[in-house]
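**Student:**
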Amino acid sequence: MKPLSRLLVKRDWRNGDRIPRTGGVIIASNHLSWTDPVLLSHFLYNNGRWPVILAKSGLFSVPLLGRAVRGLLAIPVYRGSSEAAKSLRVSEQRLKDGGAILFYPEGTCTRDPDLWPMVGKTGAARLALESGAQVIPVAHWGAQELLPYGEKKPRLFPRKTFHVTVGPPVDLSKYAGKPPHAAVLREATADIMAAITEQLAELRGEKAPEAPYDPAGR
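Okay, so the sequence shown: first residue is 14 according to the numbering used here, each after it adds one.
#1: So, is Arg-62 buried or exposed, given that buried needs 16 or more other C-beta atoms within 10 angstroms?
#2: Would you mind giving the Cβ-Cβ distance between Asn-60 and Ala-152, rounded to the nearest angstrom? I have them listed as a contact below 8 Å.
#3: Can you give me the C-alpha to C-alpha distance between Leu-159 and Glu-119, rounded to a whole angstrom?
#4: Inspect the beta-carbon positions of Val-103 and Ile-149 and report whether they are closer than 8 Å.
#5: Does His-44 come out as helix, strand or coil in the three-state DSSP assignment?
#6: Going straight from the alpha carbon of Pro-192 to that of Ser-100, what length do you get?
#7: From Pro-171 to Trp-26, what distance separates their C-alpha atoms?
#8: Beta-carbon separation of Ser-18 and Val-65 under 8 Å?
#9: The beta strand (DSSP E) with Pro-16 in it runs from where to where?
#10: Look up Arg-168 in the DSSP assignment and say whether it is helix, strand or coil.
#11: Just checking my contact of Leu-85 with Trp-47 at CB under 8 Å: how many whole Å lie between their CB atoms?
#12: Could you spell out the range, first to last residue, of the alpha helix (DSSP H) harbouring Lys-109?
#13: Which residue from Ser-54, Ile-88, Asp-125 and Met-206 puts its Cα closest to that of Val-183?
#14: Pull up the CB-CB distance for Gly-124 and Tyr-226, whole angstroms please, since I reckon it's below 8 Å.
#15: Going by the beta-carbon positions, is the gap between Phe-116 and Val-22 smaller than 8 Å?
#16: Ends of the beta strand (DSSP E) at Ile-114?
#17: What residue range is occupied by the uninterrupted alpha helix (DSSP H) comprising Ala-68?
#18: Give me the DSSP bridge partner(s) of Ala-226.
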């Protein structure tokens with residue numbers, strides 16, 4: 014993975030020291046490209062963590078990338094089936110074993126026209142509240158220039174730069190002890206996505222939208 018990452022992109026890595034080196038932790042990130050798992054995995058590995066990826070089951074059949082996510086011992090997510098909840102149970106066990114779960118709360122690459130993070134799904138928040146694990150927000154930029162969403166052929170030249178930064182743990186203390194009802198999970202998810210967006214705004218040097226894009230139009 015590391016030689017491939019070095020070959021594909023230049024690096025602008027910031028605040029890697031904010032990633033806990035031991036113990037179960039949830040790494041929550043924005044999602045721009047199918048190359049995200051490769052590039053973020055290199056970043057996390059170089060900062061002392063083996064990345065356990067929660068990935069859509071369809072990614073396991075994508076050439077090259079599928080081999081990569083299987084090699085990383087990724088946890089497949091099967092949507093709309095009886096297997097859908099299994100990924101969270103496996104993730105919780107990995108956290109108990111001290112794993113670092115790389116989670117994309119959006120569930121897919123952003124559809125925001127300006128590539129800001131969308132409204133997130135509640136899986137990461139549920140996992141955090143039920144396990145008590147820290148959530149570390151990570152934002153990145155540049156993967157979409159290497160392989161824009163929906164395209165199959167990477168744009169290798171000129172060589173792109175992968176920018177990534179890490180924020181402080183998301184403060185979810187106000188939800189401690191509350192039952193994980195839908196409203197609580199939505200609020201906790203919004204806090205996680207806001208933390209990721211804040212880091213991305215700093216990385217891009219731009220002001221983020223006041224409200225995240227909602228593909229459901231709510």
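Just so it is clear, CB atoms sit at the ideal spot from N, CA and C, and this is done for glycine as well.
**Tutor:** Taking the geometry as given:
#1: With 16 or more neighbouring CB atoms inside 10 Å of its own CB, Arg-62 falls in the buried class.
#2: At roughly 15 Å, the Cβ-Cβ gap does not stay under 8 Å, so Asn-60 and Ala-152 are not in contact.
#3: Near 20 Å, if we compare the C-alpha coordinates of Glu-119 and Leu-159.
#4: Contact flag unset, no.
#5: Looking at His-44 - three-state DSSP - the assignment turns out to be coil, as it is neither helix nor strand.
#6: Note on geometry: alpha-carbon atoms of Pro-192 and Ser-100 lie some 21 Å from one another.
#7: Distance between the alpha carbons of Pro-171 and Trp-26: 19 Å.
#8: Cβ distance not < 8 Å, so Ser-18 and Val-65 don't count as in contact.
#9: Pro-16 -> not in any beta strand (DSSP E); alpha helix (DSSP H) instead, spanning 15-21.
#10: In the structure shown, Arg-168 sits in coil (DSSP, three-state: anything other than H, G, I, E or B).
#11: By a beta-carbon distance limit of 8 Å, Leu-85 does not contact Trp-47. Their separation comes to about 14 Å.
#12: From DSSP, the alpha helix (DSSP H) with Lys-109 extends over 99-109.
#13: It is Met-206.
#14: It should be noted that the sequence gives Arg, not Gly, for residue 124. Contact between Arg-124 and Tyr-226 holds, with the beta-carbon distance rounding to 7 Å and staying under 8 Å.
#15: At the C-beta level, Phe-116 and Val-22 stay beyond 8 Å of one another.
#16: For Ile-114, the uninterrupted beta strand (DSSP E) segment begins and ends at 113-116.
#17: Membership of Ala-68 in any alpha helix (DSSP H) is not indicated; the residue belongs instead to the beta strand (DSSP E) covering 64-69.
#18: Going by the sequence as given, residue 226 is Tyr instead of Ala. Note: Tyr-226 sits in a beta bridge opposite Met-131.
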